[in-house]
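Encoded structure:
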């Protein structure tokens with residue numbers, strides 16, 4: 555500094571070393587490296603009384619993201635660095651051609667745990683999605699190169715509105731492949747891409763209580779016999795024995811195979827008023843006289859369960875006493891076949907229309 559006309563640079567190896575300076579005086583020493591030191595610069599007086607000591611406190615790491623040549627917008631791209639000492643989000647430091655460079659620094663404290671690098675963007679997807687390495691107390695330059703591809707955005711909605719539904723597009727090229735899920739709901743696709751119809755499933759909770767105390771009866775440790783029963787389903791295994799140990803939670807999985815289906819419908823007067831307490835009977839002469847029936851409720855609606863596939867059923871209307879009613883048409887033949895399963899249709903809808911004067915039902919097919 556006292557002789558500004560004297561300036562030079564030299565390579566400095568690690569450890570202790572010596573070099574010659576042509577003139578005595580006070581000099582400013584600046585270290586240019588991939589490290590950060592305890593001081594931004596050092597003063598060195600020649601002749602020297604004590605050795606100059608410089609300590610590296612932080613060490614550079616760098617990573618890059620490679621873009622496709624046609625993708626030039628990267629304003630929202632960042633690199634999340636998770637280390638032992640902290641988490642930091644680093645913006646783009648520099649760029650060259652189709653590559654973005656991210657640089658940051660780690661300290662000696664970060665040698666005790668793995669370092670995780672996670673590229674982030676609202677518009678790009680990355681491969682790999684993250685990178686983990688062990689910091690050894692030295693600079694890690696160009697540690698990893700991530701490949702960035704611009705994402706495809708899918709918009710849609712759930713009808714009626716349901717919160718907390720997980721929507722995932724699992725196919726890399728076909729946006730029509732959409733996975734959705736939430737406990738207690740079933741979802742059906744519609745004709746509009748991205749629009750899903752939500753159907754809330756029924757739940758049955760059985761609580762067993764002591765008749766005298768009213769307190770719930772808990773399952774004591776021991777052996778229990780379990781037999782799943784659900785109409786129109788067969789389960790594998792049909793029954794099983796489980797052992798419950800004290801303090802343990804047991805989960806049992808059974809597989810249900812659907813072997814029968816349902817028909818929904820409604821009985822009404824010509825003016826539209828519902829007809830209750832009417833019996834709708836389904837008989838299949840083709841399949842060993844299989845017979846199922848149901849009685850209409852106060853809304854005139856019925857549901858006949860247990861109809862077997864590939865069987866032709868004749869639907870007729872009867873009085874509560876079992877007498878056949880005249881109808882128009884007199885009956886309706888339906889076939890439960892594999893096409894309903896293939897289209898995820900569990901039912902057909904028939905509407906009987908009953909004349910108030912003649913009691914002549916009219917059958918409509920929806």
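In my numbering, the protein residues as written are 555 to 920.
Just so it is clear, CB atoms sit at the ideal spot from N, CA and C, and this is done for glycine as well.
Are there 16 or more other CB atoms within 10 angstroms of the CB of residue 819, so buried, or fewer, so exposed?
Along the chain shown, read from residue 1 onward, the residue named residue 819 stands at position 265. Label assigned to residue 819: buried.
In whole angstroms, what is the alpha-carbon distance linking residue 706 and residue 677?
Numbered from its first residue, the chain shown carries residue 706 at position 152. Numbered from its first residue, the chain shown carries residue 677 at position 123. Approximately 8 Å, taken between the alpha carbons.
State the Cα-Cα distance for the pair residue 922 and residue 787, rounded to the nearest angstrom.
As shown, the chain starts at 555 and ends at 920. That puts residue 922 outside it, with no answer to give.
In terms of residue numbering, what span does the beta strand (DSSP E) encompassing residue 574 cover?
Taking the first residue of the chain shown as position 1, residue 574 is located at position 20. Unbroken run through residue 574: none, as it is neither H nor E.
Counting only the same chain and skipping the five closest in sequence on each side, list residues whose C-beta sits under 7 Å from that of residue 767.
Position 213 of the chain shown, counting from 1, holds the residue named residue 767. So the list is empty, once near-sequence residues are dropped.
Sorted by chain position, which residues of the same chain lie with C-beta nearer than 6 Å to residue 569's C-beta, five sequence neighbours on each side aside?
Stepping through the chain shown from its first residue, residue 569 is reached at position 15. So no residue of the chain qualifies.
Report the rounded CA-to-CA distance for residue 684 versus residue 719, giving the unit in angstroms.
Sequence index remark: in the chain shown, residue 684 carries index 130 (1-based). Sequence index remark: in the chain shown, residue 719 carries index 165 (1-based). Looking at the two C-alpha atoms, the distance is approximately 26 Å.
Could you tell me if residue 893 is buried or exposed, where buried requires 16 or more neighbouring beta carbons within 10 angstroms of its beta carbon?
In the chain shown, counting from the first residue as 1, residue 893 sits at position 339. Only weak support exists for where residue 893 lies, its pLDDT of 45 falling under 50; the value from the coordinates is given anyway. So residue 893 ends up on the exposed side.
Name, in chain order, the residues that DSSP records as bridge partners for residue 614.
Counting from one through the chain shown, the residue named residue 614 turns up at place 60. Note: residue 614 sits in a beta bridge opposite 659.
Taking the C-alpha atoms as reference points, what is the distance between residue 841 and residue 862?
The residue given as residue 841 occupies position 287 in the chain shown. The residue given as residue 862 occupies position 308 in the chain shown. Using only the alpha carbons, I get a separation of about 9 Å.
From the DSSP output, in three-state form, read off residue 897 for me.
On the chain shown, position 343 is the one that residue 897 refers to. The predicted model places residue 897 with a pLDDT of 38, which falls under 50 and marks its position as unreliable; any figure quoted below should be read in that light. The answer is coil: DSSP assigns residue 897 none of H, G, I, E or B.
If you draw a straight line from the alpha carbon of residue 798 to that of residue 771, how long is it in whole angstroms?
Position 244 of the chain shown, counted from the first residue, corresponds to residue 798. Position 217 of the chain shown, counted from the first residue, corresponds to residue 771. Residue 798 and residue 771: Cα-Cα distance of roughly 15 Å.
Can you give, in chain order, each stretch of the beta strand (DSSP E) that sits fully within the region 708 to 779 and has at least 3 residues?
For the region 708 to 779, whole beta strand (DSSP E) runs of length 3 or above, ordered along the chain, are 711 to 713, 720 to 723, 732 to 735, 739 to 743 and 749 to 754.
Under the three-state reduction of DSSP, which class applies to residue 918: helix, strand or coil?
Counting from one through the chain shown, the residue named residue 918 turns up at place 364. Residue placement at residue 918 cannot be trusted, given a pLDDT of 41 that sits under 50; what the coordinates show is reported in the next sentence. Reduced to three states, the DSSP call for residue 918 is strand.
Which residues does DSSP list as the beta-bridge partners of residue 642?
As a first step, residue 642 must be located in the chain shown, where it is residue number 88. In DSSP, residue 642 forms a bridge with 635.
If you draw a straight line from the C-alpha of residue 755 to the C-alpha of residue 784, how long is it?
Against the chain shown, residue 755 aligns to sequence position 201. Against the chain shown, residue 784 aligns to sequence position 230. The straight-line gap from Cα to Cα measures roughly 14 Å.
Output needed for residue 889: all residues of its chain with C-beta closer than 6 Å, excluding positions within five of it in sequence on either side, in chain order.
Numbered from its first residue, the chain shown carries residue 889 at position 335. Correct list, in chain order: 866.
With distance defined between alpha-carbon atoms, name the residue in 654, 607 and 609 nearest to residue 630.
The sequence position of residue 630 within the chain shown is 76, counting from 1. The shortest Cα separation from residue 630 among 654, 607 and 609 belongs to 654.
Tell me whether the beta-carbon of residue 835 lies closer than 9 Å to the beta-carbon of residue 794.
Along the chain shown, read from residue 1 onward, the residue named residue 835 stands at position 281. Along the chain shown, read from residue 1 onward, the residue named residue 794 stands at position 240. It is not a contact, given that the beta carbons lie outside the stated cut-off.
Going by the CB atoms, is the gap between residue 618 and residue 696 shorter than 9 Å?
Locating residue 696 in the chain shown gives position 142, where the first residue counts as 1. Locating residue 618 in the chain shown gives position 64, where the first residue counts as 1. Their beta carbons are under 9 Å apart, which means residue 696 touches residue 618 by this criterion.
Would you mind giving the Cβ-Cβ distance between residue 682 and residue 656, rounded to the nearest angstrom? I have them listed as a contact below 8 Å.
Here residue 682 corresponds to residue number 128 of the chain shown, with the count starting at 1. Here residue 656 corresponds to residue number 102 of the chain shown, with the count starting at 1. At roughly 15 Å, the Cβ-Cβ gap does not stay under 8 Å, so residue 682 and residue 656 are not in contact.
For residue 832, is the classification buried or exposed, using 16 other Cβ atoms within 10 angstroms of its Cβ as the cut-off for buried?
The count along the chain shown starts at 1 and reaches residue 832 at position 278. Under this definition residue 832 is a buried residue.
Is it a yes or a no for the region 731 to 751 touching the region 664 to 676, going by three-plus beta-carbon pairs under 8 Å?
Flag = no, the region 731 to 751 and the region 664 to 676 do not touch.
Nearest-angstrom Cα distance between residue 674 and residue 804?
Counting from one through the chain shown, the residue named residue 674 turns up at place 120. Counting from one through the chain shown, the residue named residue 804 turns up at place 250. When rounded, the distance between both Cα atoms is 40 Å.
How is residue 562 classed by DSSP in three states: helix, strand or coil?
Start at 1 with the first residue of the chain shown, and residue 562 comes out as number 8. Residue 562 falls in the coil class under three-state DSSP.
State the Cα-Cα distance for the pair residue 621 and residue 801, rounded to the nearest angstrom.
On the chain shown, residue 621 is found 67 positions in, with the first residue counted as 1. On the chain shown, residue 801 is found 247 positions in, with the first residue counted as 1. Residue 621 and residue 801: Cα-Cα distance of roughly 54 Å.
Is DSSP giving residue 664 helix, strand or coil here?
Looking up residue 664 in the chain shown gives position 110. Helix at residue 664.
Per DSSP, which one or two residues make a beta bridge with residue 620?
As a working mapping, residue 620 is identified with position 66 in the chain shown. Partner(s): 653 and 701.
In the structure shown, what three-state DSSP assignment does residue 786 receive?
Sequence index remark: in the chain shown, residue 786 carries index 232 (1-based). In the structure shown, residue 786 sits in coil (DSSP, three-state: anything other than H, G, I, E or B).
Can you tell me which of the three DSSP states residue 853 falls into?
Indexing the chain shown from 1 puts residue 853 at position 299. In the structure shown, residue 853 sits in coil (DSSP, three-state: anything other than H, G, I, E or B).
Can you have a look at residue 595 and say buried or exposed, based on whether 16 or more other CB atoms are within 10 angstroms of its CB?
What you label residue 595 is simply residue 41 of the chain shown in a count that begins at 1. Classification of residue 595: exposed, given that the 10 Å Cβ count is below 16.
Who are the Cβ neighbours of residue 934 in its own chain at under 7 Å, not counting the five residues just before and after it?
There is simply no residue 934 to check, as the chain begins at 555 and stops at 920 in what is shown.
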